[in-house]
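J.:
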């Protein structure tokens with residue numbers, strides 16, 4: 002078994018894995034993981050309590066992964082532990098404790114059968130065997146592969162007891178003798194799963210003192226295990242001699258019904274029972290105004306059985322105040338009562354449903370509740386999923402709140418949209434509602450109403466049919482082109498594969514001047530390729546580069562700065578002072594001439610000549626504050642594609658789609674289309690200079706290094722500006738290459754204070770990111786299911 006917990010409100014932060022392990026022909030229980038005090042008090046020892054006995058463990062193993070995840074705490078560097086004890090009887094109580102100042106405190110409990118124990122003879126034998134094994138055992142010191150001459154660490158899965166049938170193994174591995182590894186694979190039985198090896202892991206190089214062969218040690222392998230059986234997995238590395246050597250092994254069992262699957266999520270959180278439905282009906286009875294719905298079902302190319310399924314889903318609604326209109330060509334048969342036909346003139350809202358697709362039983366109730374909470378709402382949409390061939394719900398699409406930029410390039414709202422009847426009539430759609438193009442209608446609605454009048458309900462309201470007719474991409478492209486023309490936007494709309502589009506805004510013939518601000522110190526090996534890529538590749542006609550030097554000392558760096566300053570497009574500002582990234586950036590902005598500024602790290606390299614055109618064209622659009630590009634690792638994987646608030650181990654913000662292959666589109670194509678977000682990173686960010694100064698620039702006092710970009714973007718949003726991410730500007734980013742990792746006591750303390758400041762200042766914003774979804778995880782991998790969903794704060 003494998004479990005993970007932390008005592009709520011307790012002193013400790015921890016992760017615990019409990020697993021059975023064969024030793025000496027017998028099975029024993031191994032409790033291992035990591036733990037440290039939130040107050041950064043040193044832990045002296047750990048122990049387990051089971052069978053009314055105490056079992057001491059070993060503490061202090063190095064955990065570089067935890068150190069990186071909690072950089073503000075010194076004790077996180079060596080917080081690993083391991084405890085061995087006899088195997089528990091089913092449901093026997095297990096308690097794990099740690100002592101910091103002489104007092105033992107519990108940080109993990111498991112089981113419920115207090116007082117149960119093995120029979121006295123088996124218990125004595127197991128206890129003696131555990132002591133003998135413990136005395137012979139070399140401390141595992143956390144890593145696998147030591148016997149084969151490798152050091153290997155597994156970052157993911159963090160919990161082997163909760164893997165899907167298909168899962169990824171991520172981590173790093175290198176040979177102790179420095180010999181290069183040229184391949185990685187996983188083996189289950191007779192099946193081999195090839196992986197990718199050699200991605201850069203500067204954290205590993207830093208932790209091991211930059212010893213040879215530790216930088217390009219990252220790997221990823223995708224594995225598929227058979228459900229319902231115990232599998233023996235081996236991870237193997239290959240060196241230049243061509244021989245595969247085992248570096249990691251694990252026995253795992255994938256359950257037939259994965260605890261983190263969508264089916265499990267539905268059972269837990271989206272299957273209202275009799276009590277919940279009764280509560281909904283009571284709330285309906287208490288509503289002061291009961292909105293009336295007209296449901297229009299278009300038959301299309303579906304048969305009568307599919308039509309009947311849709312009608313049954315309408316009849317099953319918890320909310321009773323609706324009328325049904327069928328397509329005039331639909332044959333009314335024994336499945337459909339004619340009494341359900343009705344006129345729609347008196348309805349408050351129109352609901353469109355394709356034959357064969359279903360409304361969730363609570364859909365109209367949730368919409369009615371939203372209307373009561375926001376009486377001026379004009380358009381409402383919800384989340385959706387698909388109906389599989391076997392009738393099961395699959396493929397959930399959990400959407401962001403209103404995102405006009407995203408809608409232009411990808412119809413993420415789709416058919417789960419409900420319109421106020423008066424608005425539809427006002428737009429001239431009184432007649433043939435059955436052939437209505439909802440996408441075009443939604444675009445026209447966006448021209449007439451305020452964004453606050455388009456509401457998103459973060460619940461699955463609609464079940465799509467996978468073989469439903471898809472709108473031709475040409476029609477959608479034309480609809481967007483006409484929409485932008487009506488708004489007076491100068492843009493080219495280009496169709497893309499998969500029903501997507503690109504909106505290419507046109508820069509004016511006389512483009513504004515852009516000042517590229519690059520803080521730096523020494524590290525000419527980073528600065529030179531950065532500046533050369535900007536100077537040689539950038540096709541934008543009017544730009545200058547302002548290098549803000551923070552007291553360089555290396556002769557090579559000083560010489561290069563002197564040389565590059567001879568270029569009329571480059572100026573160097575000298576600031577020999579304590580490192581404060583916010584102040585250096587503000588200094589550059591205050592001393593430049595551009596109408597726009599591009600904030601760029603010195604470890605960023607331009608790839609395409611038109612990168613700056615794309616960013617400036619987006620920044621020129623009405624009410625756009627900051628624009629960020631897609632940043633890539635040197636191997637082409639995505640380093641960031643925007644930022645989600647409230648995510649990451651610190652709960653402030655996390656970049657999206659990290660590690661995704663360049664050709665992949667991400668969750669609902671969101672890595673591959675332009676869209677509005679709450680924040681973008683300042684490794685590369687374009688903003689109008691006047692807006693930057695209006696918002697006060699970066700916070701030099703409270704956010705000297707970390708989170709200044711997130712804080713700045715949130716300041717812009719409070720002033721009504723939009724933050725835009727565009728994938729059509731791409732640059733390489735050597736993450737952490739210039740300022741390094743938060744791995745010293747002073748850096749840790751500064752980082753901790755920055756985290757606390759952000760949480761205090763932006764508490765409400767960090768609780769709810771409108772461009773994410775409460776049903777998606779913040780503490781696991783982004784864009785995976787949340788167990789459980791977070792509270793619905795979208796209506797606040």
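Numbering (my numbering), first residue to last: 2 to 797. Glycine included, each C-beta is placed from N, C-alpha and C at the ideal position. Keep in mind that this is a model prediction, so the values were computed, not measured.
1. Could you pull the start and end residues of the alpha helix (DSSP H) that residue 589 belongs to?
2. By DSSP, does residue 696 sit in helix, in strand, or in coil?
3. Let's see if you can read the secondary structure: which residues bound the beta strand (DSSP E) around residue 59?
4. Where does residue 1 land, buried or exposed, given buried means 16+ other C-beta within 10 angstroms?
5. So, under 8 Å CB-CB, residue 62 and residue 38 are touching, yes? Tell me the CB distance rounded to an integer number of Å.
6. For residue 169, tell me which candidate among 175, 186, 177 has the shortest Cα-Cα distance.
7. Could you give the distance in angstroms between the alpha-carbon of residue 237 and the alpha-carbon of residue 151?
8. So what does DSSP say about residue 87, is it helix, strand or coil?
9. Within the continuous beta strand (DSSP E) that includes residue 323, where are the two ends?
10. Looking only at its own chain, which residues have a Cβ that is under 8 Å from the Cβ of residue 760, when we skip the five neighbours before and after it?
11. If you follow the beta strand (DSSP E) that residue 153 is part of, which residue opens it and which one closes it?
12. For residue 772, name the three-state secondary structure that DSSP assigns.
13. For the segment 555-569 and the segment 614-622, state whether three or more C-beta atom pairs, one from each stretch, are separated by less than 8 Å.
14. Can you look up residue 685 in the DSSP assignment and give me helix, strand or coil?
15. Which residue comes first and which comes last in the beta strand (DSSP E) that contains residue 798?
16. Mark residue 410 as exposed unless 16 or more other C-beta atoms lie within 10 angstroms of its C-beta, in which case mark it buried.
17. Tell me, which residues are paired with residue 200 by DSSP?
18. Within this structure, are the beta carbons of residue 380 and residue 420 separated by less than 7 Å?
19. Figure out for me which residue from 351, 304, 736, 309 has the closest Cα to the Cα of residue 324.
20. Is the beta carbon of residue 534 less than 7 Å from the beta carbon of residue 606?
21. For residue 326 versus residue 385, is the C-beta spacing smaller than 7 Å?
22. For residue 545 versus residue 567, is the C-beta spacing smaller than 7 Å?
23. Would you say residue 238 faces chain C, with C-beta separation under 7 Å as the test?
24. Go ahead and pull the three-state DSSP assignment for residue 709.
25. Residue 597: which of 661, 628, 493, 515 sits nearest, CA to CA?
26. State the beta-bridge partners of residue 516 as determined by DSSP.
27. To the nearest whole angstrom, what separates the beta carbons of residue 291 and residue 369, a pair I think is in contact under 8 Å?
28. What's the C-alpha gap between residue 493 and residue 735?
29. Leaving out five residues before and five after residue 183 in sequence, what residues of the same chain have Cβ atoms less than 8 Å from its Cβ?
30. Check whether the Cβ atoms of residue 99 and residue 109 sit closer than 7 Å, and answer yes or no.
31. Identify the continuous alpha helix (DSSP H) that holds residue 48 and give its terminal residues.
32. With a CB to CB cut of under 7 Å and the five nearest residues on each side skipped, what residues in its chain are close to residue 320?
33. Keeping to the same chain, check which residues put their C-beta closer than 7 Å to that of residue 662; ignore five residues upstream and five downstream.
34. Which class does residue 375 belong to by DSSP, given the choice of helix, strand or coil?
35. Taking Cβ to Cβ, would you say residue 462 is nearer than 7 Å to residue 417?
36. Quick one: what does DSSP say residue 135 is sitting in, helix, strand or coil?
T.: Checking against the coordinates, here is how it stands:
1. Indexing the chain shown from 1 puts residue 589 at position 588. Residue 589 -> alpha helix (DSSP H) spans 582-591.
2. Working through the chain shown from its first residue, we reach residue 696 at position 695. It is coil, neither helix nor strand.
3. Translated into the one-based positions of the chain shown, residue 59 becomes position 58. Element bounds for residue 59: 59-62.
4. Absent from the model: residue 1. The displayed extent of the chain is 2 to 797, so no value can be given.
5. In the chain shown, residue 62 corresponds to position 61, counting from 1. In the chain shown, residue 38 corresponds to position 37, counting from 1. Actually they are not in contact, since the Cβ atoms of residue 62 and residue 38 sit about 16 Å apart, beyond 8 Å.
6. On the chain shown, position 168 is the one that residue 169 refers to. Looking at the Cα atoms, 186 is the closest of the given residues.
7. Locating residue 237 in the chain shown gives position 236, where the first residue counts as 1. Locating residue 151 in the chain shown gives position 150, where the first residue counts as 1. Rounded to whole angstroms, residue 237 to residue 151 spans 10 Å at the Cα level.
8. If you number the chain shown from 1, residue 87 lands on position 86. In the structure shown, residue 87 sits in a strand (DSSP, three-state: E or B).
9. The count along the chain shown starts at 1 and reaches residue 323 at position 322. Residue 323 -> beta strand (DSSP E) spans 323-327.
10. For the purposes of this step, residue 760 is taken as the residue at position 759 of the chain shown. Contacts found: 652, 653, 767.
11. Here residue 153 corresponds to residue number 152 of the chain shown, with the count starting at 1. It spans 151-157 - the beta strand (DSSP E) in which residue 153 sits, taken as one unbroken run.
12. Numbered from its first residue, the chain shown carries residue 772 at position 771. Reduced to three states, the DSSP call for residue 772 is coil.
13. No, the segment 555-569 does not touch the segment 614-622.
14. Against the chain shown, residue 685 aligns to sequence position 684. Three-state result, residue 685: strand.
15. There is simply no residue 798 to check, as the chain begins at 2 and stops at 797 in what is shown.
16. As a working mapping, residue 410 is identified with position 409 in the chain shown. The residue is buried, with at least 16 neighbouring Cβ atoms inside 10 Å.
17. As a working mapping, residue 200 is identified with position 199 in the chain shown. Partner(s): 219.
18. On the chain shown, position 379 is the one that residue 380 refers to. On the chain shown, position 419 is the one that residue 420 refers to. Yes, Cβ-Cβ distance for residue 380 and residue 420 is below 7 Å.
19. As a first step, residue 324 must be located in the chain shown, where it is residue number 323. The candidate whose alpha carbon is nearest that of residue 324 is 351.
20. To locate residue 534, count along the chain shown from 1; it is residue 533. To locate residue 606, count along the chain shown from 1; it is residue 605. Contact check for residue 534 against residue 606 passes: the beta carbons are separated by less than 7 Å.
21. Locating residue 326 in the chain shown gives position 325, where the first residue counts as 1. Locating residue 385 in the chain shown gives position 384, where the first residue counts as 1. Against a cut-off of 7 Å, the Cβ pair of residue 385 and residue 326 comes out as no contact.
22. What you label residue 545 is simply residue 544 of the chain shown in a count that begins at 1. What you label residue 567 is simply residue 566 of the chain shown in a count that begins at 1. No, the Cβ-Cβ distance between residue 545 and residue 567 is not below 7 Å.
23. Included in the structure is just one protein chain, with no chain C present.
24. Within the chain shown, the letter at position 708 stands for residue 709. Looking at residue 709 - three-state DSSP - the assignment turns out to be helix.
25. The count along the chain shown starts at 1 and reaches residue 597 at position 596. Of the candidates 661, 628, 493, 515, the one whose C-alpha sits nearest the C-alpha of residue 597 is 515.
26. For the purposes of this step, residue 516 is taken as residue 515 along the chain shown, with counting starting at 1. Paired residues: 545, 598.
27. Residue numbering aside, residue 291 sits at position 290 when the chain shown is read from its first letter. Residue numbering aside, residue 369 sits at position 368 when the chain shown is read from its first letter. Contact holds; Cβ gap of about 7 Å.
28. Here residue 493 refers to the residue found at position 492 of the chain shown. Here residue 735 refers to the residue found at position 734 of the chain shown. Their backbone Cα atoms lie some 33 Å apart in a straight line.
29. Position 182 of the chain shown holds residue 183. 198, 239, 240, 241.
30. Walking along the chain shown from the start, residue 99 turns up at place 98. Walking along the chain shown from the start, residue 109 turns up at place 108. Result no, Cβ atoms of residue 99 and residue 109 do not sit closer than 7 Å.
31. By 1-based counting over the chain shown, the position of residue 48 is 47. Residue 48 -> not in any alpha helix (DSSP H); beta strand (DSSP E) instead, spanning 46-51.
32. Mapped onto the chain shown, residue 320 falls at position 319. Within the same chain, residue 320 has close Cβ partners 285, 365, 366, 369.
33. Translated into positions along the chain shown, residue 662 becomes position 661. Excluding sequence neighbours, residue 662 sits near 638.
34. For the purposes of this step, residue 375 is taken as residue 374 along the chain shown, with counting starting at 1. DSSP places residue 375 in coil when its eight states are reduced to three.
35. For this step, residue 462 is matched to residue 461 along the chain shown. For this step, residue 417 is matched to residue 416 along the chain shown. For residue 462 and residue 417, yes; Cβs fall inside 7 Å.
36. Here residue 135 refers to the residue found at position 134 when the chain shown is read from its first residue. For residue 135, the predicted model reports a pLDDT of 43, less than 50, meaning its position is unreliable and no value from the coordinates is stated.
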